Amino acid sequence: MSARALNVLGLALVAVVGIAVLILTPRLFDLDVVLNITVYMIMAVLALSLALVWGFGGILCFGQSAFFGLGAYTYAIAMINIGESTAPLILAVFVPAAFAALLGYFMFYGRISDVYLGVITLTVTLILFNSINSTAGPEFHIGSAKLGGFNGIPGIPSLNVPFFKDWQIDLEGMFYLSTTSLLLTYFGLRTLLASRFGRTIVGIRENEQRAQLLGYDPRAYKLTTFTIGAALAGYAGCLFANWGSFVSPTIFGLAQSAQIIIWVIVGGRGTLIGPILGCVGTQWLTAALGANAPSGDAGWQALLGNVPLILGAILVAFVLLVPKGLVPTIAGLESVFVRTRAGASR
Amino acid sequence: MDLVALLAIQVLYAIASLALMSVGLAIIFGMMKVINLAHGEFLMLGGYAAIEANRLGLSIWIAMLIVAPIVVGAIGIIVERTIIRWLYGRMVDTMLATWGLSLFLVGLTTAVFGNTTVGLSAPLGSFEIGQYRTSTYTLFVIGVAIVALGGVLAVLRFTRLGLIARGTMQNANMAAALGVNPNRVYSITFGAGAALTGLAGAVIAPVSGVFPTIGAAYVAKSFITVIGGGVSIVTGTTMASTLFGAVNQVATYVTTPVFGEVALLAAAIVLIRMLPQGITGRFFRGSL
Amino acid sequence: MRFGGVQAVRDVNFTLAERELRCLIGPNGAGKSTFFKMLTGQLKPTSGAVLVRGEDVTGAEPHEIARRGVGIKTQVPSVFDGLTVRENLWLAATRMHRGAQARAAVETMLERVGLSAIASRIVGQLAHGQRQWVELGVVLSTDPDLVLLDEPAAGMTDQEVLRTVELVRDINKTKALIVVEHDMQFIRMIASKVTVFNQGAVLMEDDVEAIMHSPIVRDVYLGKKAAA
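Residue numbers (my numbering), protein chains in the order written: chain L, 5 to 350; chain S, 609 to 896; chain A, 12 to 239.
Following this line, the structure appears as structure tokens:
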């Protein structure tokens, strides 16, 4: 079977599974299961944003959670002030994107290398976390929205049908919206990556010098990729704020950033389906482990429920043993039977 | 006048603690080009080691100055042999693996010691400057920082070990051809960096207390100090700590501690943008 | 071009006409590769100027200079190792053409450099000689007016060298070339005018035969069989 046919088959498979999940889940499962799956879908969009920026763009961003958080907070603050969700939704995408454009311009046009990029993005996340975390007093507010500091912002009103303030989305609606968003993001990114732009950013990742010598300006491409990734992450943040009706500064935290990176590493850089699976799998795993360990319990149970411990061990194990991630490694085995290309996105 | 003296001591303290925190990382990054994101946890473990040793009856000075460095140094050597050595040359992978290690250590420490802050009261009491009282301990920390930096400089410059280490870092194959075992040099260097970090963590513990996630507060600051400092271990760390420590303390004095932190981080971003190779990438080249 | 205490290129006055083929020779460390990097914009000259068709491009970004029609095959092959041969050529071709035209240009180039048979192979897995051909194909696909070749015959078999000579002559029908090489037989087969670099400056510039018989050049290459 040719690589191209395999590609189309893969796409069809994703579409079928996706639509099945979309239609069947609310019918087959209780509302609380649906709620859990909803957040997995939202986080998967976040995972895809880093998959684009890092997996395909080669930009080591340790602070993707910054854009996630900015999206969530922007939505919350705008929504509380405005009361109708069309503008807040747009802002939730636009503000992180604008921030990324500025930061990206600063970094890429300053020729800052890989490693330092990681440190700077990490630092930016920390700045945001530290700043917002300390805004607990009532004097910290934007319009009528109190920032709340480490307490966060509770009671965020839900999205409504554009311009119809009273048609608010309910929990089941959130599920449909999130899952559809994930599917649209996946297919949207596949299209983007198959386009001239997408193939160019992969080339730049492969060999930036050669891309330059062919006449491509890597700085502009990286900036664009970085901004698109931030917009996606911001959108995921908006969905997240809706899902829990609550945001807090931990959304900007190092732990959140680490999680996103783990999803992409475990799933596989250079693929799209990998980070989705890595995200859902890791979240499910930590939830399952955590559910079995009552706090204060010593021994194996507590050890398994210790999220940082397990995640940390997973990350180290993967970097040492499965550096390419699950999907490419499995695909590598598969190519014993079929010739597939390294450059194809999955 | 008293206020100026007080501020000067606070600024010196900020610089000293930053330098002390960062010098271990500077050795590891400067010599081995390894980005150790578990650095904050090494600091944290140093603090716990000192507190536990003290709790078990050892004098606080021995706990801080001897036990902590040895414990964390040993942990460093183990980490190098089991994780880092497979990843030399792969900077990004090293960052990721050590980030995983960092999470792991946080989890482990929480499991063993629990979530609450443990403390150690700062010894040495306080002294007066005019109408202000300040802790004498801050002077001790400043002293330790000076001794530590001086010690590192001395070892690198004047001892055989320092020369071997510098040689191996620059050209492992040549060093091997001359009979040096590069693997052992890497282990020892990483261990030394870890030990210094443990010392720093222990010395700082009485000031802020220790809890499992305290590493997060330190790792970014240490990193940007090391990267801002550039290639030269002692000179770079000293210059960068001076700049950032001063910015931090002055901003804190003028506004709030939180903004002081933000100012430090922002100053770092600007510095790295202007001097991508750090301060000693452009100035004071060739110094140790 | 000064690197800290070292002046890699210090006294070079180099002019090339349209469609001229020039060979650049000189011992290791003479500054040839540095010179190339200054032409492509990879290095910004610390003094002096680079002009392309009268336009001052000193200090311009590499991609800007590339867009003015300068292509380089680097000393160490620089290609997209994780992609296939076809994808490599496509990334270059797509700078000049769109859609079906680009794809057609890729097929034509595959023929020209003789890589049609391995078009779907991952470049990183190819032999050194084949990777050089891929790089040549990539460089030519952007249709540059000035082609810089840094040791194109390195690591090639005799047969491949002959093919390279053919290709160079073919390119020279429409484009200017500067070729850096150590292989004197190769140079003899392609060159008319040769510039000799030594210690960052131009030592001599003359016909290939004159250079080959020059005692000055021989001294500079001390120990090498320059005029075989």
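Just so it is clear, CB atoms sit at the ideal spot from N, CA and C, and this is done for glycine as well. Fair warning: this is a prediction, and the values are worked out from it, not measured in the lab.
Query - Cutoff 8 Å: residue 134 (chain L) Cβ touching any chain S Cβ - result: Indexing the first sequence from 1 puts residue 134 (chain L) at position 130. It does; some Cβ of chain S falls within 8 Å.
Requested in this report: Give the secondary structure of residue 220 (chain L) by DSSP, where H, G and I count as helix, E and B as strand, and everything else as coil.
Outcome: Taking the first residue of the first sequence as 1, we reach residue 220 (chain L) at position 216. Correct three-state label for residue 220 (chain L): coil.
Query raised in the report: Name the chain A residues that come within less than 9 Å of residue 204 (chain L), Cβ to Cβ?
Result: Translated into positions along the first sequence, residue 204 (chain L) becomes position 200. Against chain A, a Cβ distance below 9 Å from residue 204 (chain L) picks out 102 and 105.
Query raised in the report: According to DSSP, is residue 119 (chain A) helix, strand or coil?
Result: Here residue 119 (chain A) corresponds to residue number 108 of the third sequence, with the count starting at 1. Residue 119 (chain A) falls in the helix class under three-state DSSP.
Report task. For residue 193 (chain L), I'd like the list of residues in its chain whose CB is within less than 7 Å of its CB, leaving aside the five on either flank, ordered along the chain. Result -> Walking along the first sequence from the start, residue 193 (chain L) turns up at place 189. Only 52, 56 and 276 meet the Cβ criterion.
Query raised in the report: Pick from L:7, L:27, L:256 and L:337: whose alpha carbon is nearest that of residue 180 (chain L)?
Result: Sequence index remark: in the first sequence, residue 180 (chain L) carries index 176 (1-based). Taking only the C-alpha atoms, the option nearest residue 180 (chain L) is L:27.
Query - Nearest-angstrom beta carbon gap, residue 889 (chain S) and residue 635 (chain S) [assumed within contact, 8 Å] - result: The residue given as residue 635 (chain S) occupies position 27 in the second sequence. The residue given as residue 889 (chain S) occupies position 281 in the second sequence. Actually they are not in contact, since the Cβ atoms of residue 635 (chain S) and residue 889 (chain S) sit about 17 Å apart, beyond 8 Å.
**Report entry** Per DSSP, cross-strand counterpart(s) of residue 172 (chain L)
**Finding:** Working through the first sequence from its first residue, we reach residue 172 (chain L) at position 168. Paired residue(s): L:164.
**Report entry** Under 9 Å by beta carbon: chain L residues contacting residue 831 (chain S)
**Finding:** Within the second sequence, residue 831 (chain S) is the residue found at index 223, counting from 1. Within chain L, the residues near residue 831 (chain S) are 123, 126 and 127.
Requested in this report: Report yes or no: is there a C-beta of chain A within less than 8 Å of the C-beta of residue 15 (chain L)?
Outcome: As a working mapping, residue 15 (chain L) is identified with position 11 in the first sequence. Not closer than 8 Å to any Cβ of chain A, the Cβ of residue 15 (chain L) fails to qualify, so no.
**Report entry** Contact with chain L by residue 47 (chain A), beta-carbon distance below 8 Å
**Finding:** As a first step, residue 47 (chain A) is located in the third sequence; it is residue number 36 there, counting from the start. Using a Cβ-Cβ cut-off of 8 Å, residue 47 (chain A) does not count as an interface residue toward chain L, since no Cβ of chain L sits closer than that to its own.
Requested in this report: Consult DSSP for residue 301 (chain L) and reduce its assignment to one of helix, strand or coil.
Outcome: Along the first sequence, read from residue 1 onward, the residue named residue 301 (chain L) stands at position 297. At residue 301 (chain L), the pLDDT of 48 sits below 50, so the modelled position is not reliable and the matter cannot be decided from this model.
**Report entry** Sub-8 Å separation of residue 760 (chain S) and residue 834 (chain S) beta-carbons
**Finding:** Your numbering for residue 760 (chain S) matches position 152 in the second sequence. Your numbering for residue 834 (chain S) matches position 226 in the second sequence. Between residue 760 (chain S) and residue 834 (chain S), the C-beta spacing is not below 8 Å.
Requested in this report: Classify residue 9 (chain L) as buried or exposed, calling it buried when 16 or more other Cβ atoms lie within 10 Å of its own Cβ.
Outcome: As a first step, residue 9 (chain L) must be located in the first sequence, where it is residue number 5. Here residue 9 (chain L) is exposed, its C-beta having fewer than 16 other C-beta atoms within 10 Å.
**Report entry** residue 213 (chain L) - partner residues in DSSP beta bridges
**Finding:** One-based indexing of the first sequence puts residue 213 (chain L) at position 209. Residue 213 (chain L) has no beta-bridge partner at all, per DSSP.
Query raised in the report: Around the C-beta of residue 180 (chain A), are 16 or more other C-beta atoms found within 10 angstroms, so that it is buried, or is it exposed?
Result: Translated into positions along the third sequence, residue 180 (chain A) becomes position 169. Around the beta carbon of residue 180 (chain A), fewer than 16 other beta carbons lie within 10 angstroms, which makes this residue exposed.
**Report entry** Distance CB(residue 145 (chain A))-CB(residue 25 (chain A)) smaller than 8 Å
**Finding:** On the third sequence, position 134 is the one that residue 145 (chain A) refers to. On the third sequence, position 14 is the one that residue 25 (chain A) refers to. No. Outside cutoff.
Report task. Identify the continuous alpha helix (DSSP H) that holds residue 27 (chain A) and give its terminal residues. Result -> What you label residue 27 (chain A) is simply residue 16 of the third sequence in a count that begins at 1. Note, residue 27 (chain A): premise wrong, no alpha helix (DSSP H); not H, not E.
Report task. With DSSP as the reference, please indicate the residues paired to residue 721 (chain S) in a beta bridge. Result -> Numbered from 1 along the second sequence, position 113 holds the residue referred to as residue 721 (chain S). Residue 721 (chain S) pairs with nothing; no bridge assigned.
Requested in this report: Output yes or no for whether 8 Å exceeds the beta carbon distance between residue 255 (chain L) and residue 72 (chain L).
Outcome: To locate residue 255 (chain L), count along the first sequence from 1; it is residue 251. To locate residue 72 (chain L), count along the first sequence from 1; it is residue 68. Result yes, Cβ atoms of residue 255 (chain L) and residue 72 (chain L) sit closer than 8 Å.
Query raised in the report: In chain A, which residues lie with their C-beta within 8 Å of the C-beta of residue 211 (chain L)?
Result: Within the first sequence, numbered from 1, the residue matching residue 211 (chain L) stands at position 207. Going along chain A in sequence order, the residues near residue 211 (chain L) (Cβ under 8 Å) are 89, 90, 91 and 92.
Query raised in the report: Is the stretch 211 to 218 of chain L touching the stretch 82 to 92 of chain A in the sense that three or more CB pairs, one from each, lie closer than 8 Å?
Result: Output reads yes: the stretch 211 to 218 of chain L touches the stretch 82 to 92 of chain A.
**Report entry** Candidates A:149, A:31, A:139 and A:224, of which the one nearest residue 122 (chain A) by Cα
**Finding:** One-based indexing of the third sequence puts residue 122 (chain A) at position 111. The shortest Cα separation from residue 122 (chain A) among A:149, A:31, A:139 and A:224 belongs to A:149.
Requested in this report: With a cut-off of 8 Å on the beta carbons, I'd call residue 73 (chain A) and residue 227 (chain L) a contact; round off their distance for me.
Outcome: In the third sequence, residue 73 (chain A) corresponds to position 62, counting from 1. In the first sequence, residue 227 (chain L) corresponds to position 223, counting from 1. With 8 Å as the limit, residue 73 (chain A) and residue 227 (chain L) do not qualify as a contact, their Cβ atoms being about 17 Å apart.
Query - Beta carbon proximity, residue 109 (chain L) to chain S, threshold 8 Å - result: Here residue 109 (chain L) is taken as the residue at index 105 of the first sequence, counted from 1. False, the Cβ-Cβ gap to chain S never drops below 8 Å.
Query raised in the report: In the DSSP assignment, what residue or residues form a beta bridge with residue 216 (chain A)?
Result: On the third sequence, residue 216 (chain A) is found 205 positions in, with the first residue counted as 1. A:206.
Query raised in the report: Comparing alpha-carbon positions, which option in A:143, A:81, A:170 and A:130 lies nearest residue 156 (chain A)?
Result: Within the third sequence, the letter at position 145 stands for residue 156 (chain A). Residue nearest to residue 156 (chain A) within the set A:143, A:81, A:170 and A:130 is A:81 (criterion: CA-CA distance).
Query raised in the report: Under 8 Å between C-beta atoms, does residue 332 (chain L) make it to chain S?
Result: As a working note, residue 332 (chain L) is residue 328 in the first sequence. No, because no Cβ of chain S sits closer than 8 Å to the Cβ of residue 332 (chain L).
Report task. Alpha carbon to alpha carbon, how far is residue 61 (chain A) from residue 847 (chain S)? Give it in angstroms, no decimals. Result -> Along the second sequence, read from residue 1 onward, the residue named residue 847 (chain S) stands at position 239. Along the third sequence, read from residue 1 onward, the residue named residue 61 (chain A) stands at position 50. One C-alpha to the other measures close to 39 Å.
Query raised in the report: Mind checking whether residue 676 (chain S) and residue 654 (chain S) have CB atoms under 8 Å apart?
Result: As a first step, residue 676 (chain S) must be located in the second sequence, where it is residue number 68. As a first step, residue 654 (chain S) must be located in the second sequence, where it is residue number 46. Contact flag set, yes.
Query raised in the report: Does DSSP put residue 788 (chain S) in a helix, in a strand, or in coil?
Result: Counting from one through the second sequence, the residue named residue 788 (chain S) turns up at place 180. The three-state secondary structure of residue 788 (chain S), taken from DSSP, is coil.
Query raised in the report: Listing by chain order, which chain L residues have their CB less than 7 Å from the CB of residue 869 (chain S)?
Result: The residue labelled residue 869 (chain S) in the question sits at position 261 within the second sequence. Against chain L, a Cβ distance below 7 Å from residue 869 (chain S) picks out 134.
Query raised in the report: Does any residue of chain S bring its CB to less than 8 Å from the CB of residue 120 (chain L)?
Result: As a first step, residue 120 (chain L) is located in the first sequence; it is residue number 116 there, counting from the start. So, interface residue.
Query raised in the report: So with Cβ pairs under 8 Å, would you call residue 221 (chain L) a contact of chain A?
Result: Residue mapping note: residue 221 (chain L) aligns to position 217 of the first sequence, counting from 1. Yes - at least one Cβ of chain A is within 8 Å of the one on residue 221 (chain L).
Requested in this report: Give a yes or no on whether the minimum CB-CB distance between residue 83 (chain A) and chain L is below 8 Å.
Outcome: Against the third sequence, residue 83 (chain A) aligns to sequence position 72. Closer than 8 Å to some Cβ of chain L, the Cβ of residue 83 (chain A) qualifies, so yes.
Query raised in the report: Secondary structure at residue 773 (chain S), three-state DSSP: helix, strand or coil?
Result: Here residue 773 (chain S) refers to the residue found at position 165 of the second sequence. In this structure, residue 773 (chain S) counts as helix in the three-state DSSP scheme.
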